[in-house]
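Student: Got a structure here, written out as structure tokens. Questions coming.
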Amino acid sequence: MKKSILLFLFIVMLFSCQHRTEIIKKRSEIAKDTVLRKELKVGTIADKYLDTTKTKKDKPEKIVSDEGEVILLPNNRYAVVILDYYENEKEEDPEKKWVVFPVKVKVYDRKTKKQLPEIKFDGYFGEEHDDNFDGTINYGDFNFDGKMDVAIRTGTPYYRYFYKWNFYLATSKGYKFSKSFSKIMDDAIAYLKLDAKNKRIFAYREADYYNCAEYKIKNNKAELIKVTSTSHNPSPFTGHSESIWNGKEMVMTKNYKTLYNDLKEVEKKSILSFDVNHKIKKILLFIDNSISETLCYAEVKNDSIVDFGASGIKVYYSTKENTLAFTVENKQFKIYQSVNKIDVEMTENGKTTKLSGDIKSKKGSLSNLNSKKWENESWYRYYVVIENKK
430 MKKSILLFLF IVMLFSCQHR TEIIKKRSEI AKDTVLRKEL KVGTIADKYL DTTKTKKDKP
490 EKIVSDEGEV ILLPNNRYAV VILDYYENEK EEDPEKKWVV FPVKVKVYDR KTKKQLPEIK
550 FDGYFGEEHD DNFDGTINYG DFNFDGKMDV AIRTGTPYYR YFYKWNFYLA TSKGYKFSKS
610 FSKIMDDAIA YLKLDAKNKR IFAYREADYY NCAEYKIKNN KAELIKVTST SHNPSPFTGH
670 SESIWNGKEM VMTKNYKTLY NDLKEVEKKS ILSFDVNHKI KKILLFIDNS ISETLCYAEV
730 KNDSIVDFGA SGIKVYYSTK ENTLAFTVEN KQFKIYQSVN KIDVEMTENG KTTKLSGDIK
790 SKKGSLSNLN SKKWENESWY RYYVVIENKK
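Each residue of the sequence shown is one higher than the one before, starting from 430 at the first, in our numbering.
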């Protein structure tokens with residue numbers, strides 16, 4: 430009996446250690462990905478991701494202080510953030526009841542351990558001396574006034590290790606809580622970029638979609654002035670949008686879609702593609718395999734913009750007439766293909782619009798729907814209805 434109990438305890442400890450190792454590994458991967466990003470272009474915005482905390486060493490030097498939390502800094506320095514806390518009696522949530530705030534910051538030389546005057550550094554820095562990468566402090570000049578401020582993580586994560594942060598701006602009398610700066614982190618923000626020259630903060634989110642919120646810093650307040658967003662939903666299209674503050678409200682100035690994959694690659698794998706209206710637009714009927722097999726239709730103009738697109742369509746193919754019909758958003762589409770002609774007709778509210786195709790630009794054929802060897806036969810039978818086989 431005793432041996433069985435010991436064996437059970439050993440198995441529990443083993444799984445516990447494995448689970449903790451997986452968590453540490455995931456956090457390490459997230460941390461590494463945050464600081465080793467490449468340039469990303471979305472619409473008209475091109476920004477390089479900010480290396481916020483990583484030092485030249487793969488494993489940062491571990492420095493422990495009894496005074497407070499340690500932040501590694503450039504120029505062979507480190508900062509110790511001395512914290513205090515108070516109980517918010519009005520708060521019922523036990524995780525939010527105790528409020529942590531900075532009292533003082535001391536800067537030291539890493540080699541001599543002697544205290545140095547606090548100075549301003551470009552960028553911002555955070556705790557990374559813990560193997561768990563579970564830091565709770567960020568240290569930087571967030572309002573661009575020449576003084577180093579402090580941001581403290583608070584509350585529980587939204588998901589994927591995205592937390593809310595409280596920002597405290599440095600003043601001559603200590604650190605003052607900033608509601609407008611803290612509001613930046615109300616969404617699940619992955620990281621920030623500071624632009625001291627133009628006094629801007631860019632807040633980036635990368636989860637189910639890419640999002641960049643641009644804040645103008647004025648009179649120690651953060652004002653949202655622009656939001657750009659890119660979302661890959663639904664596949665295989667990528668949605669792009671841009672909204673700008675006009676002084677009263679956010680107004681959308683851009684809203685368009687592109688293909689998630691390169692147009693030429695999609696065209697190579699298309700069931701049928703052809704140009705219409707003197708090459709102004711390209712029609713594509715293709716299978717998207719990014720998530721699961723999905724039959725898609727797209728009208729692409731200027732080699733990038735999806736003028737109209739639909740995924741998960743159910744088509745009715747007539748082998749006798751060599752025509753294909755489907756309905757999207759109460760719009761009836763019909764593609765006609767013959768030896769010397771290929772057209773698309775779209776009917777909505779009784780009105781029909783015709784797109785005349787360039788037969789010379791045609792690649793593939795509607796007959797591929799019937800002759801192709803499908804990996805998922807049940808999917809094919811649902812999305813592709815073959816009519817008039819004889």
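For every residue, glycine included, the Cβ atom is placed at its ideal position computed from N, Cα and C.
#1: Where do the ends of the beta strand (DSSP E) carrying S601 lie?
#2: What separation, rounded to the nearest whole angstrom, lies between the Cα atoms of S660 and E696?
#3: Is the Cβ-Cβ distance between G575 and Y553 less than 7 Å?
#4: In whole angstroms, give me the CA-to-CA distance for S658 and E694.
#5: Give me the Cβ distance between S719 and Y765, rounded to the nearest whole Å; I'm assuming they're in contact under 8 Å.
#6: What number of angstroms, rounded off, separates the C-alpha of C725 from the C-alpha of S740?
#7: Rounded to whole angstroms, how far is the Cβ of R619 from the Cβ of Y633, which I believe are closer than 8 Å?
#8: Taking a contact to mean a Cβ-Cβ separation below 7 Å, would you say K770 touches S702 in this structure?
#9: Taking 8 Å as the limit between beta carbons, can you name the residues of its chain near Y644, skipping five residues before and five after?
#10: Express the C-alpha separation of P546 and P503 in angstroms, rounding to a whole number.
#11: Can you tell me whether N595 is helix, strand or coil according to DSSP?
#12: With 16 other CB atoms within 10 Å as the buried threshold, where does I566 fall?
#13: Using the Cα positions of E496 and N505, report the straight-line distance between them to the nearest angstrom.
#14: On the CB-based measure, 16 or more other CB atoms within 10 Å of its CB, does M577 come out buried or exposed?
#15: Should I581 go down as buried or exposed, given a rule of 16 or more other Cβ atoms within 10 Å for buried?
#16: Would DSSP call S670 helix, strand or coil?
#17: To which residues of the same chain is T752 closer than 8 Å at the C-beta, ignoring the five residues directly before and after it?
#18: Mind checking which residues open and close the alpha helix (DSSP H) that includes E806?
#19: Rounded to the nearest angstrom, what separates K710 and N731 at their Cα positions?
#20: Let's see if you can read the secondary structure: which residues bound the beta strand (DSSP E) around L688?
#21: For S672, collect the residues of the same chain with a Cβ closer than 6 Å to its Cβ; drop the 5 residues on either side in sequence, then sort them by chain order.
#22: Assuming I716 contacts I700 (C-beta within less than 8 Å), just tell me the rounded distance between them.
#23: Less than 7 Å between the beta carbons of K760 and E777, yes or no?
#24: Note down, in chain order, each residue of its chain lying with its Cβ closer than 6 Å to the Cβ of T782, except the 5 sequence neighbours on either side.
#25: Report the residue from L784, E521, N517 and F573 whose alpha carbon sits nearest the alpha carbon of V528.
#26: For D704, which residues of its own chain have a beta-carbon under 6 Å away from its beta-carbon, when the five flanking residues on both sides are left out?
#27: Can you check whether the CB of I492 is closer than 7 Å to the CB of Y507?
#28: Can you list, in chain order, the stretches of the alpha helix (DSSP H) that have 4 or more residues and sit fully within the segment 481-539?
#29: Strictly by DSSP, which residues pair up with V729?
#30: Just to confirm, is the Cβ distance from L598 to S607 under 7 Å?
#31: Nearest by alpha-carbon distance to A617: which of F591, G555, S601 and K535 is it?
#32: Any idea if I511 is buried or exposed, counting beta-carbon neighbours within 10 angstroms, 16 or more meaning buried?
#33: Which word fits T600, buried or exposed, when buried means at least 16 other C-beta atoms lie within 10 angstroms of its C-beta?
#34: For V656, which of helix, strand or coil comes out of DSSP?
#35: By how many angstroms is the C-alpha of V579 removed from the C-alpha of D551?
#36: Since D701 sits in a beta bridge, which residues does DSSP pair it with?
Tutor: Well, looking at it:
#1: In the sequence shown, counting from the first residue as 1, residue 601 sits at position 172. Here S601 belongs to no beta strand (DSSP E), and DSSP marks it neither H nor E.
#2: In the sequence shown, the residue the question calls residue 660 occupies position 231. In the sequence shown, the residue the question calls residue 696 occupies position 267. Straight-line Cα distance between these residues: approximately 22 Å.
#3: Mapped onto the sequence shown, residue 575 falls at position 146. Mapped onto the sequence shown, residue 553 falls at position 124. At a Cβ-Cβ threshold of 7 Å, G575 and Y553 do not count as neighbours.
#4: Residue 658 sits at position 229 when you count from the first residue of the sequence shown. Residue 694 sits at position 265 when you count from the first residue of the sequence shown. Using only the alpha carbons, I get a separation of about 24 Å.
#5: Along the sequence shown, one-based indexing puts residue 719 at 290. Along the sequence shown, one-based indexing puts residue 765 at 336. With 8 Å as the limit, S719 and Y765 do not qualify as a contact, their Cβ atoms being about 30 Å apart.
#6: Counting from 1 along the sequence shown, the entry for residue 725 is found at position 296. Counting from 1 along the sequence shown, the entry for residue 740 is found at position 311. C725 and S740: Cα-Cα distance of roughly 4 Å.
#7: In the sequence shown, counting from the first residue as 1, residue 619 sits at position 190. In the sequence shown, counting from the first residue as 1, residue 633 sits at position 204. As written in the sequence, residue 619 is Ala, which differs from the Arg given in the question. About 6 Å separates the beta carbon of A619 from that of Y633, a gap short enough to meet the 8 Å contact definition.
#8: As a working mapping, residue 770 is identified with position 341 in the sequence shown. As a working mapping, residue 702 is identified with position 273 in the sequence shown. Going by C-beta atoms, K770 is not nearer than 7 Å to S702.
#9: On the sequence shown, position 215 is the one that residue 644 refers to. If we look at Y644 and ignore the five residues flanking it on each side, its Cβ neighbours are I613, R629, I630, F631, A632, A651, E652, L653 and I654.
#10: Taking the first residue of the sequence shown as position 1, residue 503 is located at position 74. Taking the first residue of the sequence shown as position 1, residue 546 is located at position 117. Taking the Cα positions, P503 is about 14 Å away from P546.
#11: Counting from 1 along the sequence shown, the entry for residue 595 is found at position 166. DSSP, read as helix, strand or coil, puts N595 in strand.
#12: One-based indexing of the sequence shown puts residue 566 at position 137. Burial of I566 is indicated by the presence of at least 16 other C-beta atoms within 10 angstroms of its C-beta.
#13: As a first step, residue 496 is located in the sequence shown; it is residue number 67 there, counting from the start. As a first step, residue 505 is located in the sequence shown; it is residue number 76 there, counting from the start. Roughly 19 Å between the two C-alpha positions.
#14: Counted from its first residue, the sequence shown places residue 577 at position 148. Around the C-beta of M577, 16 or more other C-beta atoms lie within 10 Å, and the residue is accordingly described as buried.
#15: As a position in the sequence shown, residue 581 is number 152, starting the count at 1. It is buried - the Cβ of I581 has at least 16 other Cβ atoms within 10 Å.
#16: Sequence index remark: in the sequence shown, residue 670 carries index 241 (1-based). Secondary structure at S670: strand, using DSSP grouped into helix, strand and coil.
#17: Sequence index remark: in the sequence shown, residue 752 carries index 323 (1-based). Hits under 8 Å: Y746, K763, I764, Y765, Q766 and L795.
#18: Taking the first residue of the sequence shown as 1, we reach residue 806 at position 377. Per DSSP, E806 is one residue of the alpha helix (DSSP H) stretching across E806 to Y812.
#19: Here residue 710 refers to the residue found at position 281 when the sequence shown is read from its first residue. Here residue 731 refers to the residue found at position 302 when the sequence shown is read from its first residue. Cα atoms of K710 and N731: separation of roughly 7 Å, rounded to the nearest angstrom.
#20: Taking the first residue of the sequence shown as 1, we reach residue 688 at position 259. Where L688 is concerned, the enclosing beta strand (DSSP E) stretches over M679 to L688.
#21: As a first step, residue 672 must be located in the sequence shown, where it is residue number 243. Hits under 6 Å: V656, M679 and M681.
#22: In the sequence shown, the residue the question calls residue 716 occupies position 287. In the sequence shown, the residue the question calls residue 700 occupies position 271. Taking the Cβ atoms as the reference, I716 lies roughly 7 Å from I700, within the contact range of under 8 Å.
#23: What you label residue 760 is simply residue 331 of the sequence shown in a count that begins at 1. What you label residue 777 is simply residue 348 of the sequence shown in a count that begins at 1. For K760 and E777, yes; Cβs fall inside 7 Å.
#24: Within the sequence shown, residue 782 is the residue found at index 353, counting from 1. Sequence-distant partners of T782 (beyond 5 residues in either direction) whose C-beta falls short of 6 Å from its own C-beta, in its chain, are M775.
#25: By 1-based counting over the sequence shown, the position of residue 528 is 99. Of the residues L784, E521, N517 and F573, the one whose Cα lies closest to the Cα of V528 is N517.
#26: On the sequence shown, position 275 is the one that residue 704 refers to. Around D704, the same chain offers K711, D787 and S790 as residues with beta carbons nearer than 6 Å, after the five sequence neighbours per side are excluded.
#27: Here residue 507 is taken as the residue at index 78 of the sequence shown, counted from 1. Here residue 492 is taken as the residue at index 63 of the sequence shown, counted from 1. Y507 places its beta carbon less than 7 Å from that of I492.
#28: Fully enclosed alpha helix (DSSP H) runs of 4 or longer: 523-526.
#29: Numbered from 1 along the sequence shown, position 300 holds the residue referred to as residue 729. In the DSSP assignment, the residues bridged to V729 are K711 and V735.
#30: Here the question's residue 598 lines up with position 169 in the sequence shown. Here the question's residue 607 lines up with position 178 in the sequence shown. It is a contact, given that the beta carbons lie within the stated cut-off.
#31: The residue given as residue 617 occupies position 188 in the sequence shown. When only C-alpha atoms are compared, the closest one is F591.
#32: The residue you call residue 511 lines up with position 82 of the sequence shown. I511 comes out exposed.
#33: Residue numbering aside, residue 600 sits at position 171 when the sequence shown is read from its first letter. Burial call: exposed.
#34: To locate residue 656, count along the sequence shown from 1; it is residue 227. DSSP places V656 in strand when its eight states are reduced to three.
#35: Reading the sequence shown from its first residue, position 122 is the one you call residue 551. Reading the sequence shown from its first residue, position 150 is the one you call residue 579. Rounded to whole angstroms, the gap between the alpha carbons of D551 and V579 is 14 Å.
#36: For the purposes of this step, residue 701 is identified with residue 272 of the sequence shown, where counting begins at 1. Inspection of the sequence shows that residue 701 is occupied by Leu rather than by Asp. BP columns for L701 point to L714 and G793.
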